[in-house]
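Below you'll find the structure, written out as structure tokens, and then a few comments.
Numbering (my numbering), first residue to last: 6 to 125.
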């Protein structure tokens, strides 16, 4: 997948992600001029994803919490990048169900399909 990220309205990055497994995806990221990033967004397929990322430390792990806006408002996803499984007792109480490896929660899928329906 290709991602254009504009942060704080002043800087931009182009990211390329390869691979289908959540823990085995190669990622390459490059700084690009803001004007080019804005122009590239005109070629976006699907929804442009708007989100605010928060960083939260819990028991030695750093979680990235994405709070989505725009058409995906109401969706919140916590991400923890770690090569090993984390024991349940080390996980924060505020986490919802595990969605690692569920491609419907990848940004590319969210851009094309919107918020996925999930079983209660």
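Glycine included, each C-beta is placed from N, C-alpha and C at the ideal position.
Check: 3 or more residues per run - each beta strand (DSSP E) lying fully within the segment 33–97; Outcome: 55–63, 66–74, 81–84
Check: Under the three-state DSSP convention, the category residue 21 falls into; Outcome: strand
Check: Buried/exposed call for residue 78, threshold 16 Cβ in 10 Å; Outcome: exposed
Check: Alpha-carbon spacing of residue 51 relative to residue 37, whole angstroms; Outcome: 22 angstroms
Check: Distance CB(residue 70)-CB(residue 49) smaller than 8 angstroms; Outcome: no
Check: Opposing strand residues paired with residue 13 [DSSP bridges]; Outcome: Residue 13 is not bridged to any residue.
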